[in-house]
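Visitor: One structure, pasted below without further comment.
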Amino acid sequence: MKYFLLFVLLCLGSGWIFGQSDSPYFLVDGSEAAFPLESTTADVDIAGVIANVTVEQVYTNRGSQAIEATYVFPASTEAAVHGMEMYIGDRRIEGVVMRKAGAKATYETAKAEGKRSSLLEQHRPNVFQMRVANILPGDTVRVRLQYTELLVPAGGTYRFVYPTVVGPRFTGEDEKGEGFAGQPYSASGTPTRFSLQLHLAAGMPIASLESPTHPILITPAGPNATDLRLDPGLTAPGNRDFVLEYQLGGAGIHTGLLLYEGEEENYFLYMAQPPVATSSDDDSSDEDSSDEVPAREFVFIVDVSGSMTGFPLDVTKKLMADLVSDLRPRDYFNILLFAGAADTWRSASAPATRENLAAATEWVEGVRGGGGTELLAALRQAYALPAPGESGRTTARPTSSGPEALSRNFVIVTDGYISVEPEVFDLIDQHLDRANVYTFGIGGSVNRHLIDGMARVGRGRPAVVLDEAAAAVEARRFREYIAKPLLTDVRLSYAGFDVYDLEPLSLPDLGSERPLIVFGKYRGKPKGELVLSGSTGAGDLLTTYRVRDSHADPQHAALAYLWARHRIQRLDDYNQLSPDDQRVEEVTRLGLDHNLLTRYTSFVAVDKTPAREPGTDLTTVKQPLPLPAGVSANAVGFSLGVAGVSGLPTQSSALPWWSYATVAAVLALFFVGFRKLRSLSPLVLLLLVFTACKPKPDTRAETALMPERAPEVVEPVAPTSNTTHESKVAPITTPPVATSHTEEFLAATNDITFILGRDQSDNPYFARAERYFREQGAERIVTGLESLAAVRYYLDSRRPREGWGRIHLVVHGNPWSGLAVGRTAAEKRTTAQQLSEWSPAPLSGINEATRIVLHGCGLGSDRDLLRELSRVFGGERTFPEVEATEQFTLFREGPRGMERHYADAYFRARPLGDYPLPSVMAVRFGRKYPHVAVDWEAALSRDRFTEALLPYLYQFNVPVEWLHVHPEGGAVYLPGREAEQAAWLEGEEALIRELARIGLTHADFRWTFDRTTYRLADGSRIPAARALGTSRLFCVLVPVDQARTVRQRYFRDA
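Pasting the structure below:
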């Protein structure tokens, strides 16, 4: 009897005991499937100007339920995806291309029947989605896709780009089929492995080869070939696009004709290089040769909306200064700035004289960002500008009264974070005879479809700056491109070469270092001549290429895919405006005939053998995406986010496990009998204790109270007492192991600094903080830790003999939502409430002299947070003092090195994309803060610290994710119109309270709604409506001379 009573008591109490455990090996939940995408491998083969890419994605189910994996990934805007295969073990299932609706129906049917299947769909020309269904526990499914693209040299440089992640998108319109915008993101980095191997067979000597984005290992593979791969030691290679740049030996760019004879049709690709120079190599002839270059007109159309404030506008100003400085006096130029409205520097373009250039540069330097984004209206105004020498609306070329041989060019400069009406593509296409359009995008997650699309339709050239370091390089390339001699009035005729279905339909003006590209089909045998003609400032130019000098090659089979891809691009550009049934059907037929993934065709692969019993559970897992490098909502030392769930019953419907154990014990007593059960009790007890003590296997769902990965010690740890002066202590590179509390770790200093975060976007907060502490003489600076548990472990296992002194924690954080670092790596934030629920073991090395200093933003206003941190980092008998300021913490470069400052913060919020003019914003700030003596308009005009420490503007986004669950099931209501959305949000009282706590209302956000599910504690899921909101906070920081510091210490009787 005593054994049985002990058994029942252990069943009832062990749940509570395990809940209090501080063991580093327990699992939060083992039933939830881990993220299924294990790895992505890209195998690239570049032959001449054509790149063939094979991408393999490996999906493994390490959970306990059958799953469907959903993964959104990017590809080049020029990629022609022409194949997909699915591998299950050694079995290969080839994907077939079908109409989109039919492919999806085939996939859904196979999924319901329990058959392994995969579906590849295109959401945008450069955004794809892979779905793989019925991956059983322990299964591994490999999916391969093949695509090809043409590499077009620019300025003598070939560039291959392999996109790795889809950046977050915002659109103000209700676009169907854009579900990928709700894909989850992982700020801590990609949970998958990424590798890339590349073989380059150039056909001529390779003069230079480099990757500006990733470390690479290069192995020569012959006189004109090379192999390369990513450095295997690289961390997080998949959070930025891979870029390879190379140049070939010899003068000029390789030109010629590629031919392919298909079973039914023949294809060709013609590349022709305009004159590389119209002058001699003698530098003294540059001035004379400029007369041979046609005069040009440049109209710079520059986005100065609210989203351009800060880094984008700074880069734009530098770019404009560089661009206009290279214009010749015979060139003409104008500048049009647009936000909610548009403003021009002159009513008509002016000559590029020294005086005009200086005046225009000064005008641009005085611009401040603010307002909405009306690109369409700005373009219409630009097209309406008269050409030099005309009083009315311009034509393609000015009349004889104006400058001769004038070429008009629009240069659109924008950050890409705009919702552009589809009419923009149509407007540019309608005015092809009026101007070429060049685009310049700024940012790491620029919508390349938008930037590339406007340039492609406008017969121009796109350029993208990924970060500040690349801005000068891209600006130089762009200047060089437009500064080279132009070939205008380009014509290409085919004498004796029977061609048809040409792409593009019209030919653009050309720069000397970017070749002309023409795709097409031909009949019969390849013969005749291609005659290229055009005009330069020195007169007409005519070149001839003999078709018989080229021969059809089976290795050029990709020409069929590339021709179809270029025609599809043109048709899709038109369909962006208003889908035309005939054009849609033409794109569909092109996809089906050429086995291509398009907006209207998809690939589907289905295994014939069912793997899962129909009707059994299937869990859909969305693979989280890494945020692109440089993308963040963090600002200064500040970060903010709101999340929550409403609609759940107050008490959970799931019973604790020990309730089931009690019922099982009673049933066993009834059916087995008391004597037999008592004889088995010792064995049951032994098994239960053994199971409870056994460490759980390491999975992605693990929440460990120890460092998740090895920390990086920026400054080497000082030698311990048993080392010689000549020896050096290397940074820690191996995972930490549990150490006995009796083991001593000696340090030369009792102070230590933890940098708890990584810099993202244009806010180098952590890098500046690290440099500041280094310049202040800090001897121990630790980076790489991702949780408070990791910090605790580090302190406990490396304590100084005399105990810790000052412990500096550099974090993002705010007084409303706490620290932007979790208790464990599985958590993103830590609040006072979360800390109050955490009772870890006491730390050694903590005494009365220990003091924890928080470096964040306004954390001193949250007294409860400071007090709970003191308790969590307490020792056996004492607790450290924790201090923080009530102001924002700021770091900046000063005359004597890195400086730390503090500032009061004043906020106003607007829905993302809805930004008033600075003058209007200044009035609203004055009304909200009538007793604050600040020149608000002047403060809003500054976007950084000045030497005089004047108030300035800092902007950042506040994201909100809110779920309303429906435990009873049934249809999930999604509000549509603005009034319906407001009513839905006002009904969420908990959300309204959370927003009010941080001084915001639901009207300060731009909202989108979708359907999802919410996972309960027992593993089941219930339907839910999800509201996603984003607000743009305009924060005026006012530096102060004296910081208000708050200190708190926890006491046991507190």
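Take the sequence shown: its position 596, counted from the start at 1, is 596 in full-length UniProt numbering, and no numbers get skipped.
Built from N, CA and C at the ideal position, the CB exists for glycine as well.
Note that the coordinates shown come from a computational prediction; the quantities given were computed from them, not determined experimentally.
#1: How is the beta strand (DSSP E) around A42 delimited, first residue to last?
#2: Below 8 Å between beta carbons: does that hold for V81 and L145?
#3: What number of angstroms, rounded off, separates the C-alpha of G249 from the C-alpha of Y158?
#4: Among D303, R408, G366, L323, which has the Cα closest to the Cα of A348?
#5: With DSSP as the reference, please indicate the residues paired to S118 in a beta bridge.
#6: Name the residue from F519, A387, A832 whose alpha carbon lies nearest to the alpha carbon of L507.
#7: Can you name, in chain order, every residue of its own chain whose Cβ lies under 7 Å from the Cβ of R346, other than the five neighbours on each side?
#8: Give the DSSP bridge partners of I1022, in chain order.
#9: On a Cα-Cα basis, can you pick out the residue from F268, V853, L313 that is closest to A557?
#10: How far does the beta strand (DSSP E) with Q430 in it extend, from its first residue to its last?
#11: How would you call F873, buried or exposed, if buried means at least 16 neighbouring beta carbons within 10 angstroms?
#12: Rounded to whole angstroms, what is the Cα-Cα separation between F1051 and E868?
#13: State the Cα-Cα distance for the pair P515 and G460, rounded to the nearest angstrom.
#14: Give the DSSP bridge partners of L995, in chain order.
#15: Roughly how many whole angstroms lie between the Cα atoms of Q1048 and V958?
#16: I think R851 touches P880, with their Cβ atoms under 8 Å apart; what is that distance to the nearest whole Å?
#17: For the stretch 493 to 501 against the stretch 523 to 537, are there 3 or more C-beta pairs whose distance is under 8 Å?
#18: Please report how far the alpha carbon of H901 lies from the alpha carbon of G856, in whole angstroms.
#19: Could you tell me the distance, in whole angstroms, from the CA atom of D322 to the CA atom of E362?
#20: Assign V882 to one of two classes, buried (16 or more other C-beta atoms within 10 Å of its C-beta) or exposed (fewer than that).
#21: For S836, which residues in the same chain have their Cβ closer than 6 Å to its Cβ, ignoring the five residues on either side in sequence?
#22: State the DSSP-derived secondary structure class of D501, mapped to helix, strand or coil.
#23: In this structure, does DSSP put E989 in helix, strand or coil?
#24: Cα-Cα, which of N750, G366, R780 is closest to V304?
#25: Looking only at its own chain, which residues have a Cβ that is under 8 Å from the Cβ of A378, when we skip the five neighbours before and after it?
#26: Cβ of P918 within 8 Å of Cβ of E947?
#27: For N847 and K828, what's the separation of their Cα atoms in angstroms?
#28: Decide if G83 is buried, meaning its Cβ has at least 16 other Cβ atoms within 10 Å, or exposed.
#29: Whole angstroms is fine: what's the gap from A405's alpha carbon to P351's?
#30: Below 8 Å, can you find three or more Cβ-Cβ pairs linking the stretch 958 to 967 to the stretch 1025 to 1037?
#31: Give me the residue from P967, M204, K608, G813 with the minimum Cα distance to I1022.
#32: Would a C-beta distance cut-off of 8 Å place G757 and H812 closer than the cut-off?
#33: Measuring alpha carbon to alpha carbon, tell me which of A47, H931, A79, R142 ends up nearest A69.
#34: Using a threshold of 8 Å, state whether the C-beta atoms of A272 and Q247 are closer than that.
#35: Considering Cα atoms alone, identify which of Y765, L843, Y906 is closest to E899.
#36: Starting from N52, follow its DSSP beta bridges and name the residues at the other end.
Guide: In terms of the structure at hand:
#1: Residues 37 to 47.
#2: One thing to note: V81 has its Cβ within 8 Å of the Cβ of L145.
#3: If I take the Cα positions, the gap works out to 12 Å.
#4: When only C-alpha atoms are compared, the closest one is R408.
#5: DSSP, once it has assigned bridges, lists V132, A605 as partnering S118.
#6: If you compare the alpha carbons of F519, A387, A832 with that of L507, the shortest gap goes to F519.
#7: Counting only Cβ-Cβ distances below 7 Å, and skipping sequence neighbours, we find N334.
#8: DSSP, once it has assigned bridges, lists Y1014 as partnering I1022.
#9: It is F268 whose Cα lies nearest to the Cα of A557.
#10: Counting along the chain, Q430 sits inside no beta strand (DSSP E); it lies in the alpha helix (DSSP H) bounded by residues 423 to 430.
#11: Classification of F873: buried, given that the 10 Å Cβ count is 16 or more.
#12: Taken atom to atom, the span from the alpha-carbon of F1051 to that of E868 is near 10 Å.
#13: CA-to-CA, the gap between P515 and G460 works out to about 12 Å.
#14: Answer is none; L995 lacks a bridge partner.
#15: So the alpha carbons of these two residues sit roughly 29 Å apart.
#16: The beta-carbon separation of R851 and P880, rounded to 6 Å, stays under the 8 Å limit for a contact.
#17: Touching, yes.
#18: Cα to Cα, H901 sits roughly 12 Å from G856.
#19: Rounded to whole angstroms, D322 to E362 spans 13 Å at the Cα level.
#20: Buried.
#21: Here the set comprises E868.
#22: In the structure shown, D501 sits in a strand (DSSP, three-state: E or B).
#23: Looking at E989 - three-state DSSP - the assignment turns out to be helix.
#24: Of the residues N750, G366, R780, the one whose Cα lies closest to the Cα of V304 is G366.
#25: Taken in chain order, the residues that qualify are I301, L336, F338, A342.
#26: Taking 8 Å as the Cβ cut-off, P918 and E947 do not qualify as a contacting pair.
#27: Cα to Cα, the separation comes out at about 29 Å.
#28: It counts as buried.
#29: Here A405 scores only 48 on pLDDT, less than 50, and its place in the model should not be relied on; the value that follows carries that caveat. Take the alpha-carbon of A405 and the one of P351: they are about 15 Å apart.
#30: Contact between the stretch 958 to 967 and the stretch 1025 to 1037 is present: 3 or more CB-CB pairs across the two stretches fall below 8 Å.
#31: Relative to the Cα of I1022, the nearest Cα in the group P967, M204, K608, G813 belongs to P967.
#32: A contact, by the Cβ cut-off of 8 Å.
#33: Residue nearest to A69 within the set A47, H931, A79, R142 is R142 (criterion: CA-CA distance).
#34: Their beta carbons are not under 8 Å apart, which means A272 does not touch Q247 by this criterion.
#35: Looking at the Cα atoms, Y765 is the closest of the given residues.
#36: DSSP output for N52 lists D45, T148 as bridge partner(s).
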